[in-house]
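As given, the protein sequences belong to chains A and B, one line each in that order.
Residue numbering for the first sequence follows our numbering, beginning at 475 and increasing consecutively.
Residue numbering for the second sequence follows our numbering, beginning at 11 and increasing consecutively.
All residues carry an ideal CB built from backbone N, CA and C; glycine is no exception.
Just so you know, these numbers come straight off a predicted model, no measurement behind them.
Remarks on the structure that follows.
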Amino acid sequence: MTDLPTSPFPALLVGLPILLATLSLFFSARVKALVGLTGCLLTAGLALIAFFEVTQRGTVIHILGGWEPPLGILLRMDSLAAVFIAMTAVVGFFISLYAWRYFRAQAATTGGFPLFWPLWLFLWAGLNGLFLSNDLFNLFVTIEVIGICAVALAVLSGKTGALFAGLRYLLAAIAGSMAYLFGVALLYGSTGTLDLGLLGQVLEPGTTTTFSLLVITLGLMIKMAGFPFHFWLPPAHSSALAPVSALLSALVVKGAFYILLRLWMEVFGVSITYAAGQLIGLAGAVAVIWGSWQAFMQTSLKLIVAHSSVAQLGYLLMIFPLLILAPGVTADSAEWLSPTWTAGVYQVIAHAFAKASFFLSAGLIIMALGHDRIESLRDLVGNMRITAMAISIAGVSLIGLPPSGGFMAKWMLLKGIFMSGQWWWAPVVLAGSLLTAGYVFMLLRLAFAPAREIGTFRPVPKSLEVLALLLALGSFLIVLPADYLIQFLESSEVFGSGIESILKGGAYGND
Amino acid sequence: MSVLIDIILAILAVYLALQSLLAPRLTQSVFLFFAFGLALALAWIRLGAVDVAITEAAIAAGFLGVLFLDALRDFSPRGSEKKENLEAVQNALPKNNTKSLLLPGMALMLGLGLFLLIALEAVWKIPDGGGLTAAAEALLPESGVEHPVTAVLLNFRAYDTWLEIGVILLGLLAVFAVGGIKIYRKPVMATQDPLLRQVILFFTPVLFLFGAFLLYIGKTGPGGAFQAAVLWGAIGILLHLGGRPVFSMIPRWLGQLLLTIGLGFFLILGFLFIAGGATLFEYPPAHAGVLILIVETMAAISIAAALTAIFANLNQMNEGPNEIESTN
């Protein structure tokens, strides 16, 4: 690991946003927004430069303090981390622009929420740090940073509903962190290392390893709102300010998923059984059905979108059972691993674009109507043409119709499911898509329906509508470089790998 | 004998934790929680982790205690308005309906008991002699300090510590986020109470010196930035309670500088190392000792400022919205 090329980019990706966030604290409200926006643009630019660095030089590392693991901490930017960082940069860039214009439009009545900027920059640094981290305890610190920022952002509006939801979110986040930390302590106690690479080599099956796998998975499931720990997500995401909802749904929950994926693939291979994969897949499948059904039943737009997040995150959990190979199957003969990984990565990216666009559009509708009850969406097409277009495009990607990124994700998932022979997941994917089509078309039907009364829509800034539309289009455009992206991802060690469960044996079930 | 002490401590800690949860009145809960914090601190000492023990005592029993007591004030039936608040809270709580809760409660207890047993087995099976203590000891001469804990916190894993300093600042930003943006309200009148005046006059220099001592001793023994910061934070809180809120008395930019210097200085230093061809937080070995002491001092100042500001802000929120509006 330590003989890989060194680069300063990983350290800058964490340091720069925090430097700018700290700097922005010194300025008055109006200037703070400008400094914050500039900071966001710089961070996004830096992330894209770092992405291209990885495409040129392959995996780069940064040995913090010059101390090599196991004593020190190592930042690693492989192609998987680079893709997640670039996604955060692109989606974050559009949300930042939107947030600046959105808050400025309301500054007279709300004060413009200047605290958004330092919190968002800290959050960005935390996300970058999480994607880059190669250390179990450092991952804990990054999820702490992310958790506090996310909760603070969620309550920024100061409304009673947001405060209640934020408190719930905080309690869930703390419970998740503590469970994760408990697992980290057990692993450190039994192996004496925190470095993911070294842990993967020295970890031995046994009760301690299995139990830490259990509590770490539990903690991360709470953090990513995996079923049945999704209860905090809909109220927290739906009651936040529009740009914040977009950040939380598009980016923050993906952080916990990323750690879960990395830890299962790189560290816990020795303890993971076929049944464990089936169990987490089942949680994902129930989330897809339950979340979509709940979304279908809601009557306010932001709650629909928030419940839809629960379902879309369920698809991410459904890739785990496919990555765990049945007894007797080796990773070389398992041809479905590559499509499954592609499905996972594309689901993350497509959902980030589509959901961000959806929440930003919902924010515009609230701006225009003063509320988001869906019966008032009548004649949205006549009044807010661009927003209606953004919602329908993002909705099509969420359903998974071609040629969207969502289609790519669901198609590859189905491909993986049939190639691996685990056909029982297929009806869930189809039912999920149907239910998603149900609530998206319900919204579109209202949007095209003739208005009952005239003049209920107040005008909103065109630029905001265009930003939401661009994000929606992004969920389609990401399909274009698919070949290149998958080729790039295959340079990562973890992409395309599987867990050969029976060969190593765990403490429970198959020893 | 020592096993007996350990067993008593373990039972005491669990007992106090349970009692704190089950106490019928909030005041009792809070004081039991202090006792629980102290029992934990003792447990850390028994485990040989003196650094953690000091931090535990200072944060859990000290700083959290102050915050809790302050929160208690909000629930005490002072004004009629507060009383209504309290009643509203109590009415919002589910009524005691023991029958319907019995079955799920028992199932939950059973599940938790099972979980605890497996957890105990998992902890039990950890092999001896793990950890990085040996590796840290071996590289200690190159770290610039003589105490392994300080070496790990400020040098080997400086990145984590830097992020944690950020977490404390974020805690303050989160308090701002919850309470709106009204920062640093003008002070209430300076205290007329002669006893409180004397206490402040006496404790301010003592706390300052003791904090500085802990900061400096961190180089060779248990102590360091976090412990010193709590003591310095206590100065800020005392002054605030005595009617001299630090952040209202100094210029705005100075307050912001105090809050951010720990995080900012550490980071800029790290960037300078990168510019010099090293990696983030890679001290030049010759100057490591001095740089670590400066970084620790800055960090202690910022953490102390953040703790003071967190207290000051929560304290203001309790005063009620009307007073805040009228004084601004």
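In this structure, does DSSP put residue i in helix, strand or coil?
| i | result |
| --- | --- |
| Ser745 of chain A | coil |
| Ile648 of chain A | helix |
| Asp170 of chain B | helix |
| Pro197 of chain B | Here Pro197 of chain B scores only 48 on pLDDT, less than 50, and its place in the model is too uncertain to base an answer on. |
| Leu31 of chain B | helix |
| Leu843 of chain A | helix |
| Ser607 of chain A | strand |
| Arg550 of chain A | strand |
| Glu335 of chain B | In this predicted model, Glu335 of chain B has a pLDDT of only 33, less than 50, meaning its place in the structure is not dependable enough to derive any value. |
| Ile210 of chain B | helix |
| Glu618 of chain A | helix |
| Ala560 of chain A | helix |
| Asp16 of chain B | helix |
| Thr684 of chain A | helix |
| Leu799 of chain A | strand |
| Ile793 of chain A | coil |
| Val136 of chain B | Looking at the sequence itself, residue 136 of chain B is Ile, so the reference to Val does not match. The answer is coil: DSSP assigns Ile136 of chain B none of H, G, I, E or B. |
| Asp669 of chain A | strand |
| Glu156 of chain B | coil |
| Thr143 of chain B | helix |
Nearest chain A C-beta to residue i closer than 8 Å, yes or no?
| i | result |
| --- | --- |
| Pro158 of chain B | no |
| Tyr194 of chain B | A caution first: Tyr194 of chain B carries a pLDDT of 43, below 50, which makes its placement in the model unreliable, though a value can still be read off. No - not a single Cβ of chain A is within 8 Å of the one on Tyr194 of chain B. |
| Lys135 of chain B | yes |
| Trp263 of chain B | yes |
| Gly286 of chain B | no |
| Ile210 of chain B | no |
| Leu279 of chain B | no |
| Ala145 of chain B | yes |
| Ser30 of chain B | no |
| Ile191 of chain B | Reliability of the predicted coordinates at Ile191 of chain B is poor, the pLDDT of 45 falling under 50, and the value obtained from them is presented with this limitation in mind. Closer than 8 Å: yes. |
| Leu120 of chain B | no |
| Ala129 of chain B | yes |
| Phe166 of chain B | yes |
Does residue i have its Cβ less than 8 Å from a Cβ in chain B?
| i | result |
| --- | --- |
| Glu1035 of chain A | Chain A is shown from 475 up to 985; residue 1035 of chain A falls before or after that span and cannot be answered. |
| Trp591 of chain A | no |
| Phe500 of chain A | yes |
| Ala824 of chain A | no |
| Trp706 of chain A | no |
| Thr496 of chain A | yes |
| His536 of chain A | yes |
| Asn612 of chain A | yes |
| Ala714 of chain A | no |
| Pro544 of chain A | yes |
| Thr533 of chain A | no |
| Phe577 of chain A | no |
| Ile492 of chain A | yes |
| Val564 of chain A | no |
| Phe596 of chain A | yes |
Here's a check: name, in chain order, each residue in its chain whose Cβ is nearer than 7 Å to the Cβ of residue i, leaving out the five neighbours to either side.
| i | result |
| --- | --- |
| Glu1015 of chain A | Summary: the structure shown does not reach residue 1015 of chain A, with chain A confined to residues 475 through 985, and so no result is reported for it. |
| Ile247 of chain B | Val76, Thr318 and Phe321 |
| Leu478 of chain A | Thr533, Val534 and Ile535 |
| Ser774 of chain A | Asp846, Arg847 and Ile848 |
In chain B, what lies closer than 8 Å to residue i by C-beta?
| i | result |
| --- | --- |
| Thr682 of chain A | Ala132, Val133, Lys135 and Ile136 |
| Gly489 of chain A | Leu277, Gly280, Phe281 and Leu290 |
Can you list, in chain order, the residues of its chain whose CB lies under 6 Å from that of residue i, leaving out five sequence neighbours each side?
| i | result |
| --- | --- |
| Asn168 of chain B | Just to set this straight, residue 168 of chain B is Ala in the shown sequence, not Asn. Answer for Ala168 of chain B: Phe291, listed in chain order. |
| Ala244 of chain B | Leu217 |
Anything in chain A within Cβ reach of residue i, meaning under 7 Å, just list it in chain order.
| i | result |
| --- | --- |
| Phe291 of chain B | Leu538 and Gly539 |
What residues from chain B crowd round residue i, counting only those whose CB sits closer than 7 Å?
| i | result |
| --- | --- |
| Cys623 of chain A | Leu180 |
| Leu602 of chain A | According to the sequence shown, residue 602 of chain A is Asn rather than Leu. Neighbours of Asn602 of chain A on chain B: none; closest Cβ ~12 Å, over 7 Å. |
| Phe881 of chain A | Chain B residues near Phe881 of chain A: none, gap ~38 Å exceeds 7 Å. |
By the criterion of Cβ-Cβ separation under 9 Å, what are the contact partners of residue i in chain B?
| i | result |
| --- | --- |
| Val629 of chain A | Ala184, Ala187 and Val188 |
Give the interface partners of residue i over in chain A, defined as CB-CB distance under 8 Å, in chain order.
| i | result |
| --- | --- |
| Pro169 of chain B | Residue identity check: residue 169 of chain B is Tyr in the sequence provided, not Pro. Under the 8 Å cutoff, chain A gives Leu538, Gly539, Ile547 and Asn612. |
| Leu149 of chain B | Trp541 and Leu545 |
Here's a check: name, in chain order, each residue in its chain whose Cβ is nearer than 8 Å to the Cβ of residue i, leaving out the five neighbours to either side.
| i | result |
| --- | --- |
| Ile873 of chain A | Gly880, Ser907, Thr910, Ala911 and Val914 |
| Gly540 of chain A | Gly546 |
Query - Sequence ranges, alpha helix (DSSP H) only - wholly within the stretch 724 to 790 of chain A, length at least 4 - result: 727 to 740 and 748 to 771
Query - Whole beta strand (DSSP E) elements within the stretch 491 to 558 of chain A, 3-residue minimum - result: 534 to 537 and 548 to 551
Query raised in the report: In the stretch 251 to 319 of chain B, which residue ranges form an unbroken alpha helix (DSSP H) of at least 4 residues, counting only runs that do not cross its ends?
Result: 256 to 259 and 262 to 285
Query raised in the report: Which runs of the alpha helix (DSSP H) fall wholly inside the stretch 874 to 949 of chain A and span at least 4 residues, in chain order?
Result: 879 to 894 and 900 to 922
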